[in-house]
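>
Number of protein chains: 2
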Amino acid sequence: MGATKTENFTDRQNAIATMAKALGHPARIAIIEYLIKVNTCICGDIVNELPLAQPTVSQHLKELKSAGIIKGDIEGNTICYCIDEKALHKLQTYFENIVTKLEKKKNNCC
Amino acid sequence: MGATKTENFTDRQNAIATMAKALGHPARIAIIEYLIKVNTCICGDIVNELPLAQPTVSQHLKELKSAGIIKGDIEGNTICYCIDEKALHKLQTYFENIVTKLEKKKNNCC
DNA sequence: AATCTTTATCGTAATATTGCAATATTAAAC
DNA sequence: GTTTAATATTGCAATATTACGATAAAGATT
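The listed protein sequences derive, respectively, from chains W and S. Add 36 to a position in the first sequence, counting from 1, and you land on the number used in my numbering. Add 36 to a position in the second sequence, counting from 1, and you land on the number used in my numbering.
(1) Within the 8 Å Cβ cut-off, does S:Ile82 reach chain W?
(2) In chain S, which residues lie less than 9 Å from W:Gln49 when you measure between Cβ atoms?
(3) Restricting to Cα atoms, I'd like to know which of W:Thr46, W:Leu100 and W:Leu88 is closest to S:Glu43.
(4) Could you spell out where the alpha helix (DSSP H) holding W:Thr92 opens and where it closes?
(5) Find the residues of chain W that neighbour S:Val135, judging by a C-beta separation of less than 7 Å, and give them in chain order.
(6) Within 8 Å (strictly less), CB to CB, does S:Thr40 reach chain W?
(7) Examine chain W for any beta-carbon lying closer than 8 Å to the beta-carbon of S:Ile72, and answer yes or no.
(8) Do the stretch 90 to 107 of chain W and the stretch 57 to 76 of chain S touch if we need at least three Cβ pairs shorter than 8 Å?
(9) DSSP three-state call for S:Asp109: helix, strand or coil?
(10) Using a Cβ-Cβ cut-off of 7 Å (strictly less than) and excluding sequence neighbours within five positions of W:Val83, which residues of its own chain qualify?
(11) Please list the partners that S:Glu85 has in chain W, where partner means a Cβ-to-Cβ separation under 7 Å.
(12) Along the chain, where does the alpha helix (DSSP H) that runs through W:Thr54 open and close?
(13) How would you write the range of the beta strand (DSSP E) that S:Thr114 sits in, first residue to last?
(14) In angstroms with no decimal places, state the Cα-to-Cα distance between S:Glu132 and W:Gln128.
(15) Which chain W residues sit within Cβ distance under 8 Å of S:Ile105?
(16) W:Lys101 and W:Met55: beta carbons closer than 8 Å?
(17) Which bits of chain W does S:Ile115 rub up against, with CB to CB less than 7 Å?
(18) Using three-state DSSP, classify S:Ala39 as helix, strand or coil.
(19) Please tell me whether S:Ile52 and S:Tyr130 are closer than 8 Å, where the distance is taken between their beta carbons.
(20) Around the C-beta of W:Ala148, are 16 or more other C-beta atoms found within 10 angstroms, so that it is buried, or is it exposed?
(21) How about S:Ile134 and W:Ile72: are their beta carbons less than 8 Å apart?
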């Protein structure tokens, strides 16, 4: 085996897992933090910001994009990447919901 | 290669990535959702709840535990697993912070 | 003590991820 | 049109993940 059995889980569970997985690498965390920091999304210098080779960065960007975390549009010979707020909002809501439930239930063991 | 270059990123970036990675699998999302649902954390029937073999579930639990997402204590011949609220709180805060920043900056392209 | 029940670990196969050098692509600059 | 600059793709090696059968461990039950 080695392949995740996505078909056995709900779409929602798979969707959250996909987004979480995309953020499950420090380079990709660094990328989104940089995108947030620079405010604007014209960010041709992302490679210089990261301690990784250009193809590696490109690959991480591709993964973030395919998970819907970032959006990218071609803009001349540079790519304009920026955060997809919808995805991060979903994650935020998801975790907020969990935290709220945990607080409400006050799970009283362990 | 194939190994993540964790040494090139900050501890904070690695910490978030580790937690996100642990949640980057639908089975592990299903596990924490189940733990939340049952309220109590004495949960010997987690295997029956998931469409995976027992060793696989055990492995997923181990990963969640080593990432600090869940806590587990031995309790007779069963294990008492429950959510570690601290970890989820960190994630919630992290994403809330991002969303807040994004709203404030109103990133005006793409 | 033998058995049952539950969870962990080992071993292993299939697959995925990470990282980079080399190369391709594509548009701007000259 | 040639060079430059920026990003993408390809190919590949190293490593990690996913999944499960077999087996081990350890307390509970009889």
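The beta-carbon is built from N, C-alpha and C at its ideal position, and this holds for glycine as well. Note that the coordinates shown come from a computational prediction; the quantities given were computed from them, not determined experimentally.
In this structure, then:
(1) Walking along the second sequence from the start, residue 82 of chain S turns up at place 46. With 8 Å as the cut-off, S:Ile82 does not count as an interface residue toward chain W.
(2) Numbered from 1 along the first sequence, position 13 holds the residue referred to as residue 49 of chain W. Within chain S, the residues near W:Gln49 are Pro62, Ala63, Ile65, Ala66 and Glu69.
(3) Indexing the second sequence from 1 puts residue 43 of chain S at position 7. The shortest C-alpha separation from S:Glu43 is found at W:Leu88.
(4) Position 56 of the first sequence, counted from the first residue, corresponds to residue 92 of chain W. Residues Gln90 to Ser102.
(5) As a working note, residue 135 of chain S is residue 99 in the second sequence. Leu124, His125 and Gln128, listed in chain order.
(6) Counted from its first residue, the second sequence places residue 40 of chain S at position 4. Yes, S:Thr40 lies at the interface with chain W (some Cβ there is under 8 Å from its Cβ).
(7) Working through the second sequence from its first residue, we reach residue 72 of chain S at position 36. With 8 Å as the cut-off, S:Ile72 counts as an interface residue toward chain W.
(8) no
(9) Residue mapping note: residue 109 of chain S aligns to position 73 of the second sequence, counting from 1. Strand at S:Asp109.
(10) Translated into the one-based positions of the first sequence, residue 83 of chain W becomes position 47. Around W:Val83: Gln90 and Val93.
(11) Taking the second sequence and counting its residues from 1, one reaches residue 85 of chain S at position 49. Result: empty, since nearest Cβ-Cβ is about 12 Å, beyond 7 Å.
(12) Walking along the first sequence from the start, residue 54 of chain W turns up at place 18. Unbroken alpha helix (DSSP H) run through W:Thr54: Asp47 to Ala58.
(13) If you number the second sequence from 1, residue 114 of chain S lands on position 78. It spans Thr114 to Ile119 - the beta strand (DSSP E) in which S:Thr114 sits, taken as one unbroken run.
(14) Against the second sequence, residue 132 of chain S aligns to sequence position 96. Against the first sequence, residue 128 of chain W aligns to sequence position 92. Their Cα atoms are separated by approximately 6 Å.
(15) The residue labelled residue 105 of chain S in the question sits at position 69 within the second sequence. Chain W residues near S:Ile105: none, gap ~11 Å exceeds 8 Å.
(16) The residue given as residue 101 of chain W occupies position 65 in the first sequence. The residue given as residue 55 of chain W occupies position 19 in the first sequence. Annotated as distal: W:Lys101 and W:Met55, with beta-carbon spacing of 8 Å or more.
(17) Numbered from its first residue, the second sequence carries residue 115 of chain S at position 79. Ordered by position in chain W, no residue passes the 7 Å Cβ test against S:Ile115, which lies about 11 Å from the chain.
(18) Sequence index remark: in the second sequence, residue 39 of chain S carries index 3 (1-based). It is coil, neither helix nor strand.
(19) As a first step, residue 52 of chain S must be located in the second sequence, where it is residue number 16. As a first step, residue 130 of chain S must be located in the second sequence, where it is residue number 94. Closer than 8 Å, so yes.
(20) This structure leaves residue 148 of chain W out entirely; chain W is present only between 37 and 146.
(21) The sequence position of residue 134 of chain S within the second sequence is 98, counting from 1. The sequence position of residue 72 of chain W within the first sequence is 36, counting from 1. Going by C-beta atoms, S:Ile134 is nearer than 8 Å to W:Ile72.
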